[in-house]
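*Asks:*
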Amino acid sequence: MINRTRRLRKTEGIRRLVRENKLTVDDLIYPLFIEEGENIETEIVSMPGIKRFSLDKISKELDEVVELDIPAVLLFGIPTSKDDTGSETWNDNGIMQQAVRFIKKNYPSLYVITDVCFCEYTSHGHCGIIHDNDVENDATLVNLAKQVVSHAKAGVDMVAPSGMMDGMIQTIREALDNTGFPNLPIMSYAVKYSSAFYGPFRDAADSAPTFGDRRTYQMDPSNRDEGMREATFDDQEGADILMVKPALSYLDIIRDLKNNFDRPIACYNVSGEYAMIKAAAEKGWIDGERVMMESLLSMKRAGADIIITYFAKEVAKVLLKK
Ligand code: PBG
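According to full-length UniProt numbering, the sequence shown holds residues 1 to 322 in order.
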């Protein structure tokens, strides 16, 4: 027989030589939930191993991230006060800004990214200003500009807008360029679906909408071509990195972006994906470590250059053992 594909699977030596994709610690971004206040270290029930920290309690977590050589963190802020516009997001002394200053001062080698949105900061839990029971796009853009400039002044390394407003990348690019931050990159949540996989996160970040849902701004899970449109606009508006979110049920979209855009592609391995693996592993129904590694590897194979994942510390530990 001429064609025997099994020849190249015979031993670990040859399997290593022909292996096409690898997961490394360099691919990973670790999300952190930072809550305003003191003495807070609260385990998130639906995300075992993940906690909300106040800044006075977060050093142990950051020491570990640096020790494990994880290159970057993605910050989410949980403020003590919310209002209908989310005005705390552009308070130069808000929890996000304090967190950025704290981390950049004490862990200068860690690359700090902020999630730029309003849902954790608005009393109604939507990702912008409400008008007629819906998020008003252009009024929200004005506030987005204020928010990113405030993050930039605090010293953030990269901003990651997640609100799915039209024109958000152009608005943010112009705001940063006009205030002396032309070199600050933007990672766009470019193709973000309206997904049930965000459930545990909304508990973690206190960001569930109090009425309605996010289907007028986040994408319909049925749509693939529209993902290209979203990514095209963000690419044209100057996004430096394009993200797909969630990851596991949207591997086709990750591959579409990889094939069609000359930008690094990121994906977000979201809270529900994390919770499912954790729950099944706790029950003893799957091998949690192997399923974790296989899922993240599938994102690399689909074309992701960067993976945002709550598993980052665990993955780093597994990779160190090898
Ligand atoms: C919005 C935001 C969300 C997530 C990240 N940024 C939630 C949403 O759109 O409702 C979800 C992350 C996850 O589920 O892990 N600021």
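For each residue, glycine too, the CB sits at the ideal point set by N, CA and C.
So, for D166: in the same chain, excluding its five sequence neighbours on each side, which residues have a beta-carbon less than 6 Å away from its beta-carbon?
*Replies:* To locate residue 166, count along the sequence shown from 1; it is residue 166. These residues qualify, in order along the chain: N137.
*Asks:* Could you say which of I306, R224, S46 and V149 lies nearest to A279 if we only look at CA atoms?
*Replies:* In the sequence shown, counting from the first residue as 1, residue 279 sits at position 279. Looking at the Cα atoms, S46 is the closest of the given residues.
*Asks:* Kindly indicate which residue of S249, I254 and Y250 has the alpha-carbon position closest to the one of L242.
*Replies:* One-based indexing of the sequence shown puts residue 242 at position 242. Of the listed residues, the one whose Cα sits closest to L242 is I254.
*Asks:* Closest by CA to K146, which one among M164, N178 and D157?
*Replies:* Counting from one through the sequence shown, the residue named residue 146 turns up at place 146. Ranking M164, N178 and D157 by Cα distance to K146 puts N178 first.
*Asks:* Hey, quick one: how far does the alpha helix (DSSP H) through E41 stretch, first residue to last?
*Replies:* Taking the first residue of the sequence shown as 1, we reach residue 41 at position 41. Premise fails: E41 lies in the beta strand (DSSP E), E41 to E43, not in any alpha helix (DSSP H).
*Asks:* Would you check if there are 3 or more beta carbon pairs closer than 8 Å linking the stretch 15–35 to the stretch 307–314?
*Replies:* The stretch 15–35 is in contact with the stretch 307–314.
*Asks:* Could you check if R19 is buried or exposed, using at least 16 other CB atoms within 10 Å of its CB as the buried criterion?
*Replies:* Along the sequence shown, one-based indexing puts residue 19 at 19. Counting Cβ neighbours within 10 Å, R19 comes out exposed, since fewer than 16 surround it.
*Asks:* How many Å lie between A205 and K322 at the Cα?
*Replies:* Taking the first residue of the sequence shown as position 1, residue 205 is located at position 205. Taking the first residue of the sequence shown as position 1, residue 322 is located at position 322. C-alpha separation (whole angstroms): 34 Å.
*Asks:* For G227, which residues of its own chain have a beta-carbon under 6 Å away from its beta-carbon, when the five flanking residues on both sides are left out?
*Replies:* Position 227 of the sequence shown, counting from 1, holds the residue named residue 227. Taken in chain order, the residues that qualify are V191 and I253.
*Asks:* When you compare the CB positions of L297 and L23, do they come within less than 8 Å of one another, or not?
*Replies:* Counted from its first residue, the sequence shown places residue 297 at position 297. Counted from its first residue, the sequence shown places residue 23 at position 23. Yes. Within cutoff.
*Asks:* Considering just the uninterrupted stretch of the beta strand (DSSP E) at N269, what are its terminal residues?
*Replies:* In the sequence shown, the residue the question calls residue 269 occupies position 269. Segment I265 to N269, the beta strand (DSSP E) holding N269.
*Asks:* I need the boundaries of the beta strand (DSSP E) containing T171, first residue and last residue.
*Replies:* If you number the sequence shown from 1, residue 171 lands on position 171. Element bounds for T171: not the beta strand (DSSP E) but the alpha helix (DSSP H), M168 to N178.
*Asks:* Verify the contact flag: S295, CB atom, against every heavy atom of the ligand PBG, threshold strictly below 7 Å.
*Replies:* Numbered from its first residue, the sequence shown carries residue 295 at position 295. It does not: the Cβ of S295 is nowhere closer than 7 Å to a heavy atom of the ligand PBG.
*Asks:* Is the CB-CB distance between M187 and L251 below 8 Å?
*Replies:* Sequence index remark: in the sequence shown, residue 187 carries index 187 (1-based). Sequence index remark: in the sequence shown, residue 251 carries index 251 (1-based). No, the Cβ-Cβ distance between M187 and L251 is not below 8 Å.
*Asks:* So, helix, strand or coil for Y250, using DSSP?
*Replies:* Position 250 of the sequence shown, counted from the start, is the residue given in the question as residue 250. If DSSP states are grouped into helix, strand and coil, Y250 belongs with the helices.
*Asks:* Assuming D225 is part of the alpha helix (DSSP H), what are its boundary residues?
*Replies:* Start at 1 with the first residue of the sequence shown, and residue 225 comes out as number 225. Unbroken alpha helix (DSSP H) run through D225: D225 to E237.
*Asks:* Using the Cβ count rule (16 or more neighbours within 10 Å means buried), how would you classify V270?
*Replies:* Residue mapping note: residue 270 aligns to position 270 of the sequence shown, counting from 1. So V270 counts as buried.
*Asks:* Can at least three beta-carbon pairs, one atom from the stretch 72–79 and one from the stretch 33–40, be found at a separation below 8 Å?
*Replies:* Cβ pair count under 8 Å is three or more, so yes.
*Asks:* For D84, does the three-state DSSP call read helix, strand or coil?
*Replies:* For the purposes of this step, residue 84 is taken as the residue at position 84 of the sequence shown. Of the three classes helix, strand and coil, the one that applies to D84 here is coil, per DSSP.
*Asks:* Please find out if some non-hydrogen atom of the ligand PBG comes closer than 7 Å to the beta-carbon of G272.
*Replies:* Along the sequence shown, one-based indexing puts residue 272 at 272. The answer is yes for G272.
*Asks:* Ignoring anything shorter than 4 residues, give me the alpha helix (DSSP H) runs that lie fully in the stretch 6–60, in order along the chain.
*Replies:* Within the stretch 6–60, the complete alpha helix (DSSP H) runs of at least 4 residues are 12–18.
*Asks:* When you compare the CB positions of A247 and V25, do they come within less than 8 Å of one another, or not?
*Replies:* In the sequence shown, the residue the question calls residue 247 occupies position 247. In the sequence shown, the residue the question calls residue 25 occupies position 25. No, the pair does not count as a contact, with Cβ atoms beyond the cut-off.
*Asks:* To which residues of the same chain is A304 closer than 6 Å at the C-beta, ignoring the five residues directly before and after it?
*Replies:* As a working note, residue 304 is residue 304 in the sequence shown. Result list for A304: I254, I265 and C267, in chain order.
*Asks:* Do the stretch 60–67 and the stretch 96–109 touch if we need at least three Cβ pairs shorter than 8 Å?
*Replies:* Output reads yes: the stretch 96–109 touches the stretch 60–67.
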